[in-house]
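*Asks:* In the working numbering, the protein residues as written are 1 to 615. Where a beta carbon is used, it is the ideal one built from N, C-alpha and C, also for glycine. Could you have a look at this structure, given as structure tokens, before my questions?
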Ligand code: M6R
């Protein structure tokens with residue numbers, strides 16, 4: 001996620017901005033830039049890489065003494081990590097400067113319109129479109145910056161946290177937000193801005209958090225003015241006194257990044273679906289599918305290659321694609337695929353899935369398939385990563401940076417992307433009726449909100465964790481779509497709590513693992529009403545007769561499993577294909593709380609790395 005820092009006031013802004021950017025490094029980023037201004041003089045410095053490199057670049061310059069500074073760390077979403085894509089962005093006239101967090105969904109339409117009016121673009125970013133759109137509005141309406149920003153934002157679809165500066169009016173900064181937070185720090189001499197409060201915590205503890213759809217004018221010496229972007233109504237902002245320490249703020253008040261990232265999943269999912277799932281229109285829009293329509297229409301087979309959690313998402317993808325689009329899918333461990341001389345046809349589509357986009361085995365599997373002539377369609381989270389660059393085409397998951405080593409929001413968003421792919425393929429192949437598809441799209445659209453409510457169940461999960469955290473082993477069972485979820489639940493527990501755990505298809509239990517069951521064995525069973533329910537109920541009976549401790553993940557209002565299980569967590573009732581999106585969440589919470597109770601290092605478990613870039 002990008003980071004924003006700005007300062008306007010009597011202090012020297014550059015050190016504030018640079019130190020602030022350094023504090024935002026925890027958010028993850030690939031390029032950085034600063035803008036400083038003194039009267040008519042301005043300087044922009046950008047680098048691909050870290051804030052340390054930005055400091056170095058600045059040390060080689062004669063730097064202005066200034067009154068205003070803006071800085072940005074960019075996590076690429078539109079366009080690769082590159083100098084021209086780094087922020088700040090400047091409008092065509094050179095008058096307006098912008099830093100932006102978020103995604104402008106309709107940037108393509110706005111860009112075309114601006115190009116027709118003669119605007120030129122240096123970058124591939126949606127942010128450069130936004131600053132020029134503001135400029136165009138300002139010119140045509142002949143208004144001050146604040147009004148121009150407000151009018152322009154009313155025409156924008158998407159999410160943003162922005163800081164805008166007009167060099168013709170150097171005493172003012174305009175900030176606004178919708179779906180991407182903006183914190184404003186106040187002191188007697190000026191205003192600080194951050195995408196959270198970490199950048200300015202040393203300077204002030206007085207902060208205003210802008211609400212969504214709010215715009216503020218920051219003019220040193222004057223009272224802050226906050227308005228609603230849509231109806232122009234004046235707001236009375238609440239000034240809060242921050243009591244948190246730095247680490248707390250970086251983690252958004254959560255004790256661990258993993259917990260923060262679990263909570264971020266509803267929003268991450270919204271970002272994944274935004275602009276792609278058009279439920280009202282009954283459509284899925286994936287631009288890369290239009291470009292390669294023939295490849296998808298003629299695909300003989302899909303091979304998914306991945307490792308770890310991404311491989312589990314791939315397994316869910318297999319169920320989705322085969323069931324909806326009727327195209328055969330194979331899911332391979334990338335590490336096995338690359339060394340086993342696999343058969344690859346030119347009309348195969350190979351989908352490497354990777355959060356980091358840097359996993360060595362997945363990259364090698366991709367290269368092998370590419371050399372054999374397959375079409376490579378990647379699913380990655382990190383924009384501009386090696387895997388995303390090596391593919392012919394693909395989709396980003398837009399989960400935002402994942403810092404906890406245990407993958408959480410990457411998994412959910414990978415499943416969401418695979419769902420979109422499966423449904424789009426079904427549309428292309430005509431394997432589902434229009435009305436069936438429409439129904440599914442509506443349901444998918446409601447998942448982020450339902451996930452939000454599901455998070456409220458976490459206290460119940462915590463109670464279960466308290467009961468079973470001392471167990472040396474755990475078994476996870478699921479069928480159909482939820483077999484991969486069982487695998488993922490077991491992996492999460494192993495990774496962060498060091499409890500030995502196994503995931504199994506529930507019916508396989510009687511072929512071996514049942515021998516392990518006794519009163520000391522917690523068995524987590526995903527038993528949603530849609531999807532082999534009766535069969536799972538029989539499996540649960542088998543566990544009960546062997547005195548296993550049963551933890552059921554059940555659909556809302558379930559009664560049969562509840563009668564037998566020791567503990568139950570309810571998830572929303574949904575079509576079977578969407579149950580992984582819900583069933584995963586309690587399993588993430590369970591492993592998290594167990595790890596905390598066992599005093600484990602949740603975010604950096606022993607022996608593990610976030611990106612496995614070696615074999
Ligand atoms: O970055 P990738 O998705 O390619 O990473 C693959 C695995 O290394 C990763 O999912 C790993 O299993 C995680 N630690 C799981 O939480």
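Any contact of the region 75-83 with the region 124-136, i.e. 3+ C-beta pairs under 8 Å?
*Replies:* yes
*Asks:* Is the number of C-beta pairs between the region 549-557 and the region 361-373 that are closer than 8 Å three or more?
*Replies:* no
*Asks:* Pick from 285, 306 and 85: whose alpha carbon is nearest that of residue 76?
*Replies:* Residue mapping note: residue 76 aligns to position 76 of the chain shown, counting from 1. Of 285, 306 and 85, the residue nearest in Cα terms is 85.
*Asks:* Which residue from 201, 587 and 351 puts its Cα closest to that of residue 321?
*Replies:* Sequence index remark: in the chain shown, residue 321 carries index 321 (1-based). Check the Cα spacing between residue 321 and each of 201, 587 and 351: the tightest is with 351.
*Asks:* Are the beta-carbon atoms belonging to residue 250 and residue 198 less than 7 Å from one another?
*Replies:* On the chain shown, residue 250 is found 250 positions in, with the first residue counted as 1. On the chain shown, residue 198 is found 198 positions in, with the first residue counted as 1. In contact: residue 250 and residue 198 (Cβ atoms closer than 7 Å).
*Asks:* DSSP three-state call for residue 227: helix, strand or coil?
*Replies:* Position 227 of the chain shown holds residue 227. Residue state, collapsed to three classes: strand.
*Asks:* Could you compute how far the alpha carbon of residue 331 sits from the alpha carbon of residue 466?
*Replies:* Residue 331 sits at position 331 when you count from the first residue of the chain shown. Residue 466 sits at position 466 when you count from the first residue of the chain shown. When rounded, the distance between both Cα atoms is 36 Å.
*Asks:* Going by C-alpha distance, which of 118, 106, 119 and 130 is nearest residue 99?
*Replies:* Reading the chain shown from its first residue, position 99 is the one you call residue 99. Measuring from the Cα of residue 99, the nearest candidate turns out to be 130.
*Asks:* At which residues does the beta strand (DSSP E) containing residue 74 begin and terminate?
*Replies:* Numbered from 1 along the chain shown, position 74 holds the residue referred to as residue 74. Element bounds for residue 74: 68-74.
*Asks:* Once the 5 residues before and after residue 519 are set aside, which same chain residues still bring their CB inside 8 Å of it?
*Replies:* Within the chain shown, numbered from 1, the residue matching residue 519 stands at position 519. The residues are 547, 548 and 549.
*Asks:* Determine the direct distance from the alpha carbon of residue 581 to that of residue 290, and round the result to whole angstroms.
*Replies:* If you number the chain shown from 1, residue 290 lands on position 290. If you number the chain shown from 1, residue 581 lands on position 581. Going from the Cα of residue 290 to the Cα of residue 581 covers about 27 Å.
*Asks:* As a quick exercise: from 216, 441 and 325, pick the residue whose alpha carbon is nearest that of residue 273.
*Replies:* Here the question's residue 273 lines up with position 273 in the chain shown. Closest by alpha carbon: 441.
*Asks:* Between the C-alpha atoms of residue 616 and residue 413, what's the straight-line distance to the nearest angstrom?
*Replies:* Residue 616 cannot be examined here, being either before or after the span of the chain that is shown, 1 to 615.
*Asks:* Assuming residue 412 is part of the alpha helix (DSSP H), what are its boundary residues?
*Replies:* As a first step, residue 412 is located in the chain shown; it is residue number 412 there, counting from the start. Counting along the chain, the alpha helix (DSSP H) containing residue 412 begins and ends at 409-429.
*Asks:* Does the distance between the C-beta of residue 406 and the nearest non-hydrogen atom of the ligand M6R fall short of 6 Å?
*Replies:* Here the question's residue 406 lines up with position 406 in the chain shown. For the ligand M6R, at least one heavy atom lies less than 6 Å from the Cβ of residue 406.
*Asks:* What residue from 557, 528, 507 and 567 has the CA that sits closest to residue 542's CA?
*Replies:* Sequence index remark: in the chain shown, residue 542 carries index 542 (1-based). Of the listed residues, the one whose Cα sits closest to residue 542 is 507.
*Asks:* Where does residue 109 fall in DSSP's three states?
*Replies:* Taking the chain shown and counting its residues from 1, one reaches residue 109 at position 109. If DSSP states are grouped into helix, strand and coil, residue 109 belongs with the helices.
*Asks:* Would you report the Cα separation of residue 311 and residue 353, rounded to the nearest angstrom?
*Replies:* Working through the chain shown from its first residue, we reach residue 311 at position 311. Working through the chain shown from its first residue, we reach residue 353 at position 353. Going by the C-alpha atoms only, they are around 7 Å apart.
*Asks:* Does the Cβ-Cβ distance between residue 14 and residue 69 come in under 7 Å?
*Replies:* For the purposes of this step, residue 14 is taken as the residue at position 14 of the chain shown. For the purposes of this step, residue 69 is taken as the residue at position 69 of the chain shown. Yes. Within cutoff.
*Asks:* Considering just the uninterrupted stretch of the alpha helix (DSSP H) at residue 458, what are its terminal residues?
*Replies:* In the chain shown, the residue the question calls residue 458 occupies position 458. Counting along the chain, the alpha helix (DSSP H) containing residue 458 begins and ends at 458-468.
*Asks:* Thinking C-beta only, is residue 522 closer than 7 Å to residue 471?
*Replies:* Here residue 471 refers to the residue found at position 471 when the chain shown is read from its first residue. Here residue 522 refers to the residue found at position 522 when the chain shown is read from its first residue. A contact, by the Cβ cut-off of 7 Å.
*Asks:* Is the beta carbon of residue 307 within less than 6 Å of some heavy atom of the ligand M6R?
*Replies:* Stepping through the chain shown from its first residue, residue 307 is reached at position 307. For residue 307, the CB falls within less than 6 Å of some heavy atom of the ligand M6R.
*Asks:* Using the Cβ count rule (16 or more neighbours within 10 Å means buried), how would you classify residue 540?
*Replies:* Stepping through the chain shown from its first residue, residue 540 is reached at position 540. It is buried - the Cβ of residue 540 has at least 16 other Cβ atoms within 10 Å.
*Asks:* Drop a sphere of 10 angstroms on the beta-carbon of residue 74, count the other beta-carbons inside from all chains shown, and report buried for 16 or more, exposed for fewer.
*Replies:* Working through the chain shown from its first residue, we reach residue 74 at position 74. That one is buried.
*Asks:* Can you find the residues in the same chain that come closer than 6 Å, C-beta to C-beta, to residue 419, ignoring five residues on each side of it along the sequence?
*Replies:* Walking along the chain shown from the start, residue 419 turns up at place 419. The residues are 320.
*Asks:* Applying the criterion that 16 or more other CB atoms from any shown protein chain within 10 Å of the CB defines a buried residue, is residue 338 buried or exposed?
*Replies:* In the chain shown, the residue the question calls residue 338 occupies position 338. Per the 10 Å Cβ criterion, buried.
*Asks:* Give the straight-line distance between the Cα atoms of residue 411 and residue 578, rounded to the nearest whole angstrom.
*Replies:* Numbered from 1 along the chain shown, position 411 holds the residue referred to as residue 411. Numbered from 1 along the chain shown, position 578 holds the residue referred to as residue 578. Taking the straight line from one Cα to the other gives about 13 Å.
*Asks:* Shorter than 7 Å from the beta carbon of residue 85 to some beta carbon of chain C?
*Replies:* Structure shown: chain C not included; a single protein chain is present.
*Asks:* According to DSSP, residue 624 sits in a beta bridge with which residue or residues?
*Replies:* Past the edges of the chain, shown from 1 to 615, lies residue 624, and the structure says nothing about it.
*Asks:* On a Cα-Cα basis, can you pick out the residue from 62, 363, 265 and 146 that is closest to residue 389?
*Replies:* To locate residue 389, count along the chain shown from 1; it is residue 389. Residue 389 has its Cα closest to that of 363, out of 62, 363, 265 and 146.
*Asks:* As a quick exercise: from 576, 574, 544 and 584, pick the residue whose alpha carbon is nearest that of residue 567.
*Replies:* In the chain shown, counting from the first residue as 1, residue 567 sits at position 567. Nearest option by C-alpha distance: 544.
*Asks:* Threshold first: 3 residues or longer. Then list the beta strand (DSSP E) segments lying entirely within the region 359-401, N to C.
*Replies:* The qualifying runs are 375-380 and 393-396.
*Asks:* Taking the CB atoms as reference points, tell me whether residue 156 and residue 164 lie closer together than 7 Å.
*Replies:* Taking the first residue of the chain shown as 1, we reach residue 156 at position 156. Taking the first residue of the chain shown as 1, we reach residue 164 at position 164. No. Outside cutoff.
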